[in-house]
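The next block holds one structure in the form of structure tokens; read it before the comments.
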Amino acid sequence: MDDYELIDLIDRPELMETAAVWFSDKWGIPKEAYLECMSDYLEGKTEFGWYMCLYKGEIVGGLGVIFNDFHDRKDLNPNVCAVYTDENHRCKGIAGMLLHYVVEDMRAKGITPIYLVTDHIGFYERYGWEFYCMAQGDGEPEPTRLYIHR
Numbered sequence: 020m021d022d023y024e025l026i027d028l029i030d031r032p033e034l035m036e037t038a039a040v041w042f043s044d045k046w047g048i049p050k051e052a053y054l055e056c057m058s059d060y061l062e063g064k065t066e067f068g069w070y071m072c073l074y075k076g077e078i079v080g081g082l083g084v085i086f087n088d089f090h091d092r093k094d095l096n097p098n099v100c101a102v103y104t105d106e107n108h109r110c111k112g113i114a115g116m117l118l119h120y121v122v123e124d125m126r127a128k129g130i131t132p133i134y135l136v137t138d139h140i141g142f143y144e145r146y147g148w149e150f151y152c153m154a155q156g157d158g159e160p161e162p163t164r165l166y167i168h169r
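With the first letter of the sequence shown counted as 1, position 126 gets the number 145 in my numbering; the numbers rise by one all the way through.
So this is what it looks like as structure tokens:
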């Protein structure tokens, strides 16, 4: 894991454009949406951050925190979003390290609990997340699982 580095975008603002393109490529959401959220973070308009794992200087994993991750439970916020690790870097604990990093950063800012939506069962529990309830995703035919980290 020596070649891996966890970063907070606030500490590496020059990566904003690269990060927005990376997340956009992974999730199919326009990079402008990521740029807007990231700009708000870098300009101090929100404490909800963006976190990445670099391997030899390249982004190989990441996640963000936004108010709501496109579901009907607007009262359950903020939400971890866009959790992703490149396939050739999976099973190395990157997602777990990022999840721990974001929980600790939010807690240091006095933001707790935090939430996330996912269709994975068993993955997030390993990192201290608990199933909380079902939520209806915007435009989704079926409800999805919503987790909490206290």
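C-beta: ideal position from N, C-alpha, C; glycine also.
- Item | Limits of the beta strand (DSSP E) - the one that G81 falls within | Mapped onto the sequence shown, residue 81 falls at position 62. Counting along the chain, the beta strand (DSSP E) containing G81 begins and ends at 77-85.
- Could you give the uninterrupted runs of the alpha helix (DSSP H) lying entirely in the region 21-78, keeping only those of 4 residues or more? 35-46, 50-61
- Message: According to DSSP, is E159 part of a helix, a strand, or is it coil?
- Response: Locating residue 159 in the sequence shown gives position 140, counting from the first residue. The answer is coil: DSSP assigns E159 none of H, G, I, E or B.
- Query: Excluding the five sequence neighbours on either side, which residues of its own chain have a C-beta within less than 7 Å of the C-beta of I78, listed in chain order?
  - Reply: In the sequence shown, residue 78 corresponds to position 59, counting from 1. Excluding sequence neighbours, I78 sits near T37, A38, W41, M71.
- Message: Quick check: what's the CA-CA separation for G80 versus Y120?
- Response: For the purposes of this step, residue 80 is taken as residue 61 along the sequence shown, with counting starting at 1. For the purposes of this step, residue 120 is taken as residue 101 along the sequence shown, with counting starting at 1. For G80 and Y120, the distance between alpha carbons rounds to 13 Å.
- Message: Closest to Y151 by C-alpha separation, out of R164, Y143, I140, R145, would be which residue?
- Response: Residue mapping note: residue 151 aligns to position 132 of the sequence shown, counting from 1. When each option's Cα is compared against that of Y151, the closest is R164.
- Length-filtered (3 minimum) beta strand (DSSP E) runs lying within the region 97-145: 98-104, 133-137
- Task: Measure the CB-CB distance between D94 and A154 and report whether it falls below 8 Å.
- Result: Locating residue 94 in the sequence shown gives position 75, counting from the first residue. Locating residue 154 in the sequence shown gives position 135, counting from the first residue. Contact: no.
- Query: Can you name the residues that DSSP bridges to R164?
  - Reply: As a position in the sequence shown, residue 164 is number 145, starting the count at 1. Per DSSP, T137, M153.
- Would the beta-carbon of Y103 fall within 8 Å of that of K50? Taking the sequence shown and counting its residues from 1, one reaches residue 103 at position 84. Taking the sequence shown and counting its residues from 1, one reaches residue 50 at position 31. Contact: no.
- Message: Is it buried or exposed, A127, if we count other Cβ atoms within 10 angstroms and call 16 or more buried?
- Response: Sequence index remark: in the sequence shown, residue 127 carries index 108 (1-based). That one is exposed.
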